[in-house]
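Numbering (the working numbering), first residue to last: -18 to 36. Glycine included, every Cβ here is placed at the ideal spot set by N, Cα and C. If you're wondering where the values come from, they're calculated on a predicted model, not measured in any experiment. Take a look at the structure set out below.
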């Protein structure tokens, strides 16, 4: 597990968001491939607004 920078901030629309960087390949892959089906199954998963993977 590597070091990450995590900050609570406010989006342009005024919504509280968590910013995290860097994003690893596994985490990026989870949001790209698994998060939607988990949410649809009723398993709460944070929304991903954008990501830049460090692959």
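Presumed contact (8 Å Cβ cut-off) between residue i and residue j, rounded CB distance
i, j, result
"residue 30", "residue -2", "7 Å"
"residue 32", "residue -13", "Not a contact, Cβ separation roughly 14 Å."
Terminal residues of the alpha helix (DSSP H) in which residue i lies
i, result
"residue 17", "16 to 21"
Start and end residues, beta strand (DSSP E) containing residue i
i, result
"residue 2", "-3 to 2"
"residue -10", "-14 to -9"
Assigned secondary structure, residue i (DSSP; H/G/I helix, E/B strand, else coil)
i, result
"residue 6", "helix"
"residue 11", "helix"
Residue i versus the options, residue with shortest Cα-Cα distance
i, options, result
"residue 11", "-7, 26, 21 and -5", "26"
"residue -16", "-4, 1 and -7", "1"
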